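This report concerns only the one structure given below.
Numbering (our numbering), first residue to last: 54 to 295.
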């Protein structure tokens, strides 16, 4: 079931609640949701220029590492803990998580990417998808919410279940990476879908790890991807902001 509630659920309204949750996830994590994700490549632009990514196989390998050993797993873990703190009404805990998530970003451009998208996500949620208590949870944080934390907070306040939220977030993250690569390699639409297929198991595995991870489990082993995000700002020509 995609939505949770403390009230008894009648058989007649179960489908309606699930449909509402699915509708919100599809909207919030759609490329059309105006958080500006299309402007960022998470260092992929430099990796293409450096020759690390040249085709579907090298792209899939790069993204698999980013997902399981880099920012993908870290962002997923922060989303999980932000969701649970929000669901429990633990404002101080959420504030600590938000501060740690903001400090965990390895480069200035990635900081710009995740903080800008987080701010946009919260602003749009307040304007169009507001929920009781959302303002209070956001105000309790000492630092602006980065993107995965913002998604976790909003989903929790809307009662959308954690597991589907996490899988949808990771799918959207990988889709945005592939979209950036498709404009850089270049990559055709069919090959883009092939890469998405290759990463299906990795997305599920990363989500399962994050659901069971503590904040002490956070860590990155994707140094080359982190280096790419640092080198991106000195590229002679750029299509993306990170």
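Note that the Cβ used here is the ideal one computed from N, Cα and C, for glycine as well.
Since the structure is predicted, the reported quantities are computational estimates derived from the model, not experimental observations.
Whole-angstrom C-beta distance between residue 258 and residue 121, which should lie under 8 Å: Translated into positions along the chain shown, residue 121 becomes position 68. Translated into positions along the chain shown, residue 258 becomes position 205. Rounded to whole angstroms, the Cβ separation of residue 121 and residue 258 is 7 Å, and the two are in contact under 8 Å.
Residue 114, enclosing alpha helix (DSSP H) - first and last residue: The residue given as residue 114 occupies position 61 in the chain shown. Where residue 114 is concerned, the enclosing alpha helix (DSSP H) starts and stops at 109-122.
C-alpha distance - residue 104 paired with residue 97, whole-angstrom precision: Taking the first residue of the chain shown as 1, we reach residue 104 at position 51. Taking the first residue of the chain shown as 1, we reach residue 97 at position 44. Counting only the Cα atoms, residue 97 lies some 11 Å from residue 104.
Start and end residues, alpha helix (DSSP H) containing residue 102: Numbered from its first residue, the chain shown carries residue 102 at position 49. Note, residue 102: alpha helix (DSSP H), 97-102.
Unbroken alpha helix (DSSP H) run spanning residue 276, endpoints: Counted from its first residue, the chain shown places residue 276 at position 223. Per DSSP, residue 276 is one residue of the alpha helix (DSSP H) stretching across 276-284.
Rounded separation between residue 279 and residue 82 - CA only: The residue labelled residue 279 in the question sits at position 226 within the chain shown. The residue labelled residue 82 in the question sits at position 29 within the chain shown. Going by the C-alpha atoms only, they are around 24 Å apart.
Residue 141 versus 186, 289 and 155, residue with shortest Cα-Cα distance: Position 88 of the chain shown, counted from the first residue, corresponds to residue 141. Between residue 141 and the set 186, 289 and 155, the nearest pair of CA atoms involves 186.
Range covered by the alpha helix (DSSP H) that runs through residue 222: Residue numbering aside, residue 222 sits at position 169 when the chain shown is read from its first letter. Taken as a continuous stretch (DSSP letters only), the alpha helix (DSSP H) holding residue 222 covers 215-237.
Status (buried if at least 16 other CB within 10 Å, exposed otherwise) for residue 56: Taking the chain shown and counting its residues from 1, one reaches residue 56 at position 3. Caution is warranted here: a pLDDT of 44 is assigned to residue 56, below 50, making its placement in the model unreliable, and no coordinate value can be reported.
From 237, 246 and 126, residue whose alpha carbon lies closest to that of residue 291: Residue numbering aside, residue 291 sits at position 238 when the chain shown is read from its first letter. The option with the nearest alpha carbon to residue 291 is 237.
The alpha helix (DSSP H) enclosing residue 267, as first and last residue numbers: The sequence position of residue 267 within the chain shown is 214, counting from 1. Counting along the chain, no alpha helix (DSSP H) covers residue 267, and no H or E run does either.
Close-in-space but distant-in-sequence residues of the same chain around residue 163 (CB under 7 Å, 5 per side omitted): What you label residue 163 is simply residue 110 of the chain shown in a count that begins at 1. So the qualifying residues of the chain are 95, 282 and 295.
Proximity of residue 193 and residue 152 at Cβ, strictly below 8 Å: The sequence position of residue 193 within the chain shown is 140, counting from 1. The sequence position of residue 152 within the chain shown is 99, counting from 1. For residue 193 and residue 152, no; Cβs fall outside 8 Å.
Terminal residues of the alpha helix (DSSP H) in which residue 201 lies: Walking along the chain shown from the start, residue 201 turns up at place 148. For residue 201, the enclosing alpha helix (DSSP H) starts and ends at 200-210.
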